[in-house]
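Participant: Before I ask anything, let me first share the structure, which is written out below as structure tokens.
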Amino acid sequence: MSRRRKGRDVHGIVLLDKPAGFSSNQATQKVRWLFRARKAGHTGSLDPFATGMLPICLGEASKTAGFMLDASKTYLARALLGQATVTGDIEGEVSATAPVPELDREGVAAELARFVGPIQQVPPMYSALKHEGQPLYRLARAGRQVERAAREVTIHALELVAWEPPALTFRVRCSKGTYVRTLAEDIALQMGSCAHLVALRRLAVEPFQEPQMVSLPQLEEQAREGTIDQCLLPPDAGLADWPLLRLDPDAMRRFAHGNPVAGAGAGSKAGPVRVYGPGDLLLGLGEITADGTLRAKRLMNLAPPPRPPETDK
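According to the working numbering, the residues represented by the sequence shown are 4 to 316, in order.
This is the structure in structure tokens:
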């Protein structure tokens, strides 16, 4: 047996343009292998048939992943009206058919406008949500259907890109937890038909945008050239809207050991902050309380903890 590579300490975020045919986990492990990284994880799954932005956190950047889950996302979707499938996409068998609505472009745009704002959405059976400890997709594959409660999601924007019956292409910016497959089905139902997705591409995960993505072939080429680390964004790039707080060496030592730092946030707004020390070293993520105390939420191990100053004996 060959020995498993131990991996190296590499920290940052890769915005992978996930190709179709890869699960999110398969894509993440491929990126981890290319970087020879010890640790990697993704933030927000994409279905295997879908393409587009999959933020992958390497090393200490994984400590920011949980704070990025609330990010809004933008998708470009193409639905085929007149046919529904058991999965809501091209990977499932046809489960129903219905006439394709005879609407012009203006009529379709008006139907889409009905879905902008807060809406109620029933999660699909083919999803990773769990019921009594089991993912729904496993129950669905076993032929089981269970009751799912509707959840509120928000459609921030919904734009008609093309209407070429029976194909409908739209761009949507939505809140976390939105299933675009279900949205396409609900739009078709509102139009008196049924539908399934034939293509889905994630364009953005706030604050990241499409031009920042890199493809697997690009990563493979840069890995061969030894320049792959140039594709990394800083570990806290996904929290760019968080204020930045810089600490002096004394405060840095207290924070780096997980201790509250009284007065460090004086004059700053209470709430989450990115905490830096001298030399642009990211120390971690913190929370400023109402009295100006800085408390640690996540500490970054990007450099050895600073040694206390030597004293005269």
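Glycine included, C-beta positions come from ideal geometry on N, C-alpha and C.
#1: Please determine, among G24, Q32, P104, the residue with the shortest C-alpha to C-alpha distance to T54.
#2: Give the DSSP bridge partners of W2, in chain order.
#3: Please classify A166 as buried or exposed, where buried requires at least 16 neighbouring CB atoms within 10 angstroms.
#4: When you compare only the Cα positions, how much space is there between E96 and T292?
#5: Could you round the C-beta distance between M216 and L61 to whole angstroms and report it? I think they count as a contact, below 8 Å.
#6: Is L297 near the ligand FAD - that is, is its Cβ less than 6 Å away from at least one heavy atom of it?
#7: Mind checking whether T157 and R81 have CB atoms under 7 Å apart?
#8: Reducing DSSP to helix, strand and coil, say where R11 ends up.
#9: Mind checking Q29: buried by the 16 CB within 10 Å criterion, or exposed?
#10: For the beta strand (DSSP E) containing P275, name the first residue and the last one.
#11: What does the Cβ neighbour count give for Q233, buried or exposed, with the cut at 16 atoms within 10 Å?
#12: Should H45 be labelled buried (16 or more other beta-carbon atoms within 10 Å of its own) or exposed?
#13: With C-beta atoms as the reference, is E188 less than 7 Å away from G91?
#14: Does the region 267–281 come close enough to the region 221–231 to have 3 or more Cβ pairs within less than 8 Å?
#15: Cα separation between V103 and C197?
Facilitator: Result, derived from the coordinates:
#1: As a position in the sequence shown, residue 54 is number 51, starting the count at 1. With distances taken between Cα atoms, T54 lies closest to G24.
#2: A question about residue 2 goes unanswered here, because the residues of the chain that appear run from 4 up to 316.
#3: Looking up residue 166 in the sequence shown gives position 163. Per the sequence presented here, residue 166 reads as Trp, with Ala not at that position. W166 is buried by the Cβ-count criterion.
#4: Along the sequence shown, read from residue 1 onward, the residue named residue 96 stands at position 93. Along the sequence shown, read from residue 1 onward, the residue named residue 292 stands at position 289. The straight-line gap from Cα to Cα measures roughly 54 Å.
#5: Start at 1 with the first residue of the sequence shown, and residue 216 comes out as number 213. Start at 1 with the first residue of the sequence shown, and residue 61 comes out as number 58. Not quite, the Cβ-Cβ distance comes to about 16 Å (not below 8 Å), so this is no contact.
#6: With respect to the ligand FAD, the structure offers nothing, as it holds no ligand at all.
#7: Here residue 157 refers to the residue found at position 154 when the sequence shown is read from its first residue. Here residue 81 refers to the residue found at position 78 when the sequence shown is read from its first residue. No.
#8: Taking the first residue of the sequence shown as 1, we reach residue 11 at position 8. Strand at R11.
#9: For the purposes of this step, residue 29 is taken as residue 26 along the sequence shown, with counting starting at 1. Its Cβ having fewer than 16 others within 10 Å, Q29 is exposed.
#10: Position 272 of the sequence shown, counted from the start, is the residue given in the question as residue 275. Per DSSP, P275 belongs to the beta strand (DSSP E) from 274–280.
#11: Position 230 of the sequence shown holds residue 233. By the 16-neighbour rule on beta-carbons within 10 angstroms, Q233 is exposed.
#12: Sequence index remark: in the sequence shown, residue 45 carries index 42 (1-based). Its Cβ being crowded by 16 or more others within 10 Å, H45 is buried.
#13: Within the sequence shown, numbered from 1, the residue matching residue 188 stands at position 185. Within the sequence shown, numbered from 1, the residue matching residue 91 stands at position 88. Yes. Within cutoff.
#14: Two segments are said to touch when three or more pairs of C-beta atoms, one from each, lie closer than 8 Å; by this definition the region 267–281 does not touch the region 221–231.
#15: Reading the sequence shown from its first residue, position 100 is the one you call residue 103. Reading the sequence shown from its first residue, position 194 is the one you call residue 197. Rounded to whole angstroms, the separation of the alpha carbons of C197 and V103 is 8 Å.
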